[in-house]
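Read the structure below first, then the notes.
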Amino acid sequence: MHGGGARRMPKGMPARRYAADGEWLAALTDCLRRRSIAEGIKLLNRAEPCWASMRVNDRHGADVLLMLAQWVDVGYRDPQLLRERLERLTGAEREQMGVAAYVRVRMAEAFYALSTNDAGEAIRILGGLLQMEDVFQDAELRALANLWKGRAHRKKADYDMARDHLQAALEIARTLPGSEALVAILKIQQAWIVFQYGDSAGALRMLDEAETTLRETDHWIALGNIESARGRIVRRHGDYARAVTHFERAVALYEISHPHHTNLARAVTNLSFVKRLLAAQLKRHIDVTAARKMGKGEGGRTGEAGRTGESRLREFHRQYQELYRSAILELERAKEICMLHGEHGGLGSALLNAGYLHLDVGDLGMAAKEAAQALEIAEAHHNVLLKARACTLMGMIENARVEELLGSAEEIPHYARLAKQHCMEAVTLAQSMENKRVLLNAYVALGETAANNFFHDYELAQRCVDAASGLLEPEDADYAVDELNTLKARLLKVVGIEDTLRAWSQGIVTGKSFQEVTEQFAQMVIPRVWMREECKISRVAKKLAMSPQKVRRLVKRSSLGERGAGIGRLGKAGA
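Taking the numbering used here, the leading residue of the sequence shown gets 9, the next gets one more, and so forth.
Given below as structure tokens:
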């Protein structure tokens, strides 16, 4: 820990006089500059009788207000502290403010907006202040204003603007004495922007440099931010196990000083998301292993080898269930923290992650409920990023209803249109931002919907694949790449059908008899006609002059009839 310490309030000195002489403020500023957080918080608590009674137009009153904003930023209490003080400001006090006091009050108001997820208001206030070059000369204030404005732009996924303001803040900070900790904080923010531009190695290097400086402090929130950022980066590389380690370290660091901090909720949400990805990997492994055993005729195998195989599958399934349960519990914790602070962005993110978990296990009702709540939050707070993500999930849920033939035959076209509508809106919203990953996910969801068993719009699906592929970085190797590859594989199968039809038209039948060609053609066409005819077996039979039994057999044998409960309903809903 760095040396130095805060001057204690002398015994017998009136609290107001101690605050007014400026030494308390200087001591607090020194603690902040060194990021000696515990020391500063002790001083704040002991001196609360001083600052709690101060008005903005008192000597140092505006300085104290801005200092409190900076301490809230590093973990002291919460933004409610600032709101209470800002609400006490009267119109008369505002009119009597000097320029210096006005700038500091507006800075505090900008930070309050930033801390309560009103990034647009923070940008508006800080933009106005930074244009006041003739009166906004204080270098530390300009660095702070650029830092906060950069963070606000980052929240809105305006990464170019965020990069410019963070760079401006860094250039100023490097000229200030004793600014090593501030420079480290700026590097953490810059690392995220660098990562968004595809330079993972550069981002990790900047995080290492920041940690080298801050590990000598007790700024647990900043250190937690470093671990959380590392988790996001290695997750993008597909290293989910290492990502879990980083997120768990972030959670532990946040809990040291603030067990209910909003950053903790964010880390817990990210941890849950990675556990979901690990669960999905394990589920695929279970399915492949079980299919391989059945393919080799080992389904009823006895003896030691058979018992060992079954035991392993049971253990994998237990691990899968534990990951799923753990992820749900993590999200419930994140929701509680976000609701405690009124953190609507974090709450929306937790709701969406819960929605994806429910979608993974086929609970579409719960998934839709979580997605609808997230969308409601996004619309109430004009959060475009959250709305784009919510629309993507809602599209995927409706598409799952189509693919799994859920609901009545009359409902499937409705679900299909809803899926496409949600996905199209998600793409449009994502295109208005600079977040490549949100746009990529929206394109993949739209592509899957276009290629589903209702639309068969393979041209649109291919355009989505091309657009999504162009958004990938060379080092990307996570779930988004897997989902995109799955969509590509689906389209390749379609290309195979087209090649087969083209070959037949040229007389190339590859040794098949006419009966075999006819059967293969029927297997391609009949299930798709069935989808077009609202899954009505009788309508297909009448239209094509075929027996209902043959239509039912061909549909059941197709990929369309192999989806979940759809097989069981072919004889009823499809009649």
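Positions of the beta carbon are idealized from the N, C-alpha and C atoms, including for glycine.
- Anyone know if the C-beta pair for residue 134 and residue 151 falls short of 8 Å? Translated into the one-based positions of the sequence shown, residue 134 becomes position 126. Translated into the one-based positions of the sequence shown, residue 151 becomes position 143. Not in contact: residue 134 and residue 151 (Cβ atoms no closer than 8 Å).
- Query: Start and end of the alpha helix (DSSP H) containing residue 354?
  - Reply: Working through the sequence shown from its first residue, we reach residue 354 at position 346. It spans 352 to 368 - the alpha helix (DSSP H) in which residue 354 sits, taken as one unbroken run.
- Query: Once you ignore the five residues that flank residue 258 on each side, which residues in its own chain have a CB closer than 7 Å to its CB?
  - Reply: To locate residue 258, count along the sequence shown from 1; it is residue 250. Counting only Cβ-Cβ distances below 7 Å, and skipping sequence neighbours, we find 232, 235, 236, 239, 275.
- DSSP state of residue 139, grouped into three classes? On the sequence shown, position 131 is the one that residue 139 refers to. Three-state result, residue 139: coil.
- Alpha carbon to alpha carbon, how far is residue 539 from residue 446? Translated into positions along the sequence shown, residue 539 becomes position 531. Translated into positions along the sequence shown, residue 446 becomes position 438. Taking the straight line joining both Cα atoms gives about 31 Å.
- By how many angstroms is the C-alpha of residue 155 removed from the C-alpha of residue 106? Taking the sequence shown and counting its residues from 1, one reaches residue 106 at position 98. Taking the sequence shown and counting its residues from 1, one reaches residue 155 at position 147. Roughly 24 Å separates the two Cα atoms.
- Message: With the cut-off set at 8 Å, would you say residue 90 and residue 108 are in Cβ contact?
- Response: As a working note, residue 90 is residue 82 in the sequence shown. As a working note, residue 108 is residue 100 in the sequence shown. No, these two residues do not count as a Cβ contact at 8 Å.
- residue 262 beta carbon less than 8 Å from that of residue 254: Against the sequence shown, residue 254 aligns to sequence position 246. Against the sequence shown, residue 262 aligns to sequence position 254. Taking a C-beta distance under 8 Å as the contact criterion, residue 254 and residue 262 do not qualify as a contact pair.
- Starting from residue 110, trace the alpha helix (DSSP H) both ways and give me its first and last residue. Along the sequence shown, one-based indexing puts residue 110 at 102. Residue 110 -> alpha helix (DSSP H) spans 107 to 123.
- Task: Measure the beta-carbon distance from residue 416 to residue 335 and round it to whole angstroms, keeping in mind my assumption that it falls under 8 Å.
- Result: As a first step, residue 416 is located in the sequence shown; it is residue number 408 there, counting from the start. As a first step, residue 335 is located in the sequence shown; it is residue number 327 there, counting from the start. Going by Cβ atoms, the distance from residue 416 to residue 335 rounds to 33 Å, so no, they are not a contact pair.
- Query: What did DSSP end up calling residue 81 once you bin it into helix, strand or coil?
  - Reply: Here residue 81 corresponds to residue number 73 of the sequence shown, with the count starting at 1. If DSSP states are grouped into helix, strand and coil, residue 81 belongs with the helices.
- Terminal residues of the alpha helix (DSSP H) in which residue 536 lies: On the sequence shown, position 528 is the one that residue 536 refers to. Looking at the DSSP string, the run of the alpha helix (DSSP H) that includes residue 536 is 522 to 540.
- Item | Segment limits, alpha helix (DSSP H) that includes residue 98 | Locating residue 98 in the sequence shown gives position 90, counting from the first residue. From DSSP, residue 98 is part of no alpha helix (DSSP H); its letter is neither H nor E.
- Have a look at 161, 439, 427, 177 and flag the residue whose alpha-carbon is nearest the alpha-carbon of residue 170. By one-based count along the sequence shown, residue 170 stands at place 162. Distances from the alpha-carbon of residue 170 to those of 161, 439, 427, 177 put 161 closest.
- Query: For residue 493 versus residue 456, is the C-beta spacing smaller than 8 Å?
  - Reply: What you label residue 493 is simply residue 485 of the sequence shown in a count that begins at 1. What you label residue 456 is simply residue 448 of the sequence shown in a count that begins at 1. No.
- Message: Whole angstroms are fine: how far does the CA of residue 199 sit from the CA of residue 214?
- Response: Along the sequence shown, read from residue 1 onward, the residue named residue 214 stands at position 206. Along the sequence shown, read from residue 1 onward, the residue named residue 199 stands at position 191. Rounded to the nearest angstrom, the two C-alpha atoms are 6 Å apart.
- Message: Quick check: residue 396 and residue 331, are their CB atoms within less than 8 Å of each other?
- Response: Position 388 of the sequence shown, counting from 1, holds the residue named residue 396. Position 323 of the sequence shown, counting from 1, holds the residue named residue 331. No, the Cβ-Cβ distance between residue 396 and residue 331 is not below 8 Å.
- Query: Ends of the alpha helix (DSSP H) at residue 224?
  - Reply: Counting from 1 along the sequence shown, the entry for residue 224 is found at position 216. No alpha helix (DSSP H) holds residue 224; DSSP gives it neither H nor E.
- Task: Label residue 48 either buried or exposed according to how many other C-beta atoms from any shown protein chain fall within 10 Å of its C-beta, with 16 as the threshold for buried.
- Result: Start at 1 with the first residue of the sequence shown, and residue 48 comes out as number 40. Buried, since its Cβ has 16 or more Cβ neighbours within 10 Å.
- Close beta carbons around residue 23, own chain, < 8 Å, minus the five adjacent residues each side: Mapped onto the sequence shown, residue 23 falls at position 15. Summary for residue 23: the model assigns pLDDT 46, below 50, so the residue's position carries little reliability; its value from the coordinates is reported in the next sentence. Closer than 8 Å at Cβ, skipping near neighbours: 17, 55, 57, 58, 61.
- Message: Can you tell me where the alpha helix (DSSP H) holding residue 255 begins and where it ends?
- Response: Stepping through the sequence shown from its first residue, residue 255 is reached at position 247. Where residue 255 is concerned, the enclosing alpha helix (DSSP H) stretches over 248 to 265.
- Item | Exposed unless 16 or more other CB atoms sit within 10 angstroms - verdict on residue 529 | As a position in the sequence shown, residue 529 is number 521, starting the count at 1. So residue 529 counts as exposed.
- Inter-residue spacing [alpha-carbon to alpha-carbon] between residue 50 and residue 68: The count along the sequence shown starts at 1 and reaches residue 50 at position 42. The count along the sequence shown starts at 1 and reaches residue 68 at position 60. Their Cα atoms are separated by approximately 20 Å.
- Along the chain, which unbroken stretches of the alpha helix (DSSP H) at least 4 residues long are found entirely within the stretch 392 to 453? 392 to 411, 419 to 439
- Query: Would you call the CB atoms of residue 350 and residue 394 closer than 8 Å?
  - Reply: Working through the sequence shown from its first residue, we reach residue 350 at position 342. Working through the sequence shown from its first residue, we reach residue 394 at position 386. For residue 350 and residue 394, no; Cβs fall outside 8 Å.
- Is the Cβ-Cβ distance between residue 123 and residue 72 less than 8 Å? Taking the sequence shown and counting its residues from 1, one reaches residue 123 at position 115. Taking the sequence shown and counting its residues from 1, one reaches residue 72 at position 64. Taking 8 Å as the Cβ cut-off, residue 123 and residue 72 do not qualify as a contacting pair.
- Query: Where does residue 563 sit, in a helix, a strand or coil, going by DSSP?
  - Reply: Within the sequence shown, numbered from 1, the residue matching residue 563 stands at position 555. Residue state, collapsed to three classes: helix.
- Three CB pairs or more closer than 8 Å across the stretch 293 to 300 and the stretch 369 to 376: The stretch 293 to 300 vs the stretch 369 to 376: no contact.
- Message: Just to confirm, is the Cβ distance from residue 173 to residue 195 under 8 Å?
- Response: Taking the sequence shown and counting its residues from 1, one reaches residue 173 at position 165. Taking the sequence shown and counting its residues from 1, one reaches residue 195 at position 187. In this structure, residue 195 does not lie closer than 8 Å to residue 173 by Cβ.
- With 16 other CB atoms within 10 Å as the buried threshold, where does residue 120 fall? Residue 120 sits at position 112 when you count from the first residue of the sequence shown. Residue 120 is buried by the Cβ-count criterion.
- Query: Short check: CB of residue 460 to CB of residue 387, under 8 Å?
  - Reply: Here residue 460 refers to the residue found at position 452 when the sequence shown is read from its first residue. Here residue 387 refers to the residue found at position 379 when the sequence shown is read from its first residue. Contact flag unset, no.
- Query: Below 8 Å between beta carbons: does that hold for residue 6 and residue 383?
  - Reply: Because the chain in this structure spans residues 9 to 583, residue 6 falls outside the shown range and cannot be described.
- Task: Could you tell me whether the stretch 316 to 329 touches the stretch 356 to 367, where touching means 3 or more Cβ pairs closer than 8 Å?
- Result: no
- How big is the Cα-Cα spacing for residue 563 and residue 531? On the sequence shown, residue 563 is found 555 positions in, with the first residue counted as 1. On the sequence shown, residue 531 is found 523 positions in, with the first residue counted as 1. Spanning the two alpha carbons is a distance of roughly 8 Å.
- Going by beta carbon distance, what residues of the same chain come within less than 6 Å of residue 273, once the five residues before and after it are set aside? If you number the sequence shown from 1, residue 273 lands on position 265. Cβ within range, chain order: 342, 345, 346, 354.
- Residue from 110, 87, 498 whose Cα sits closest to the Cα of residue 65: Position 57 of the sequence shown, counting from 1, holds the residue named residue 65. Of the listed residues, the one whose Cα sits closest to residue 65 is 110.
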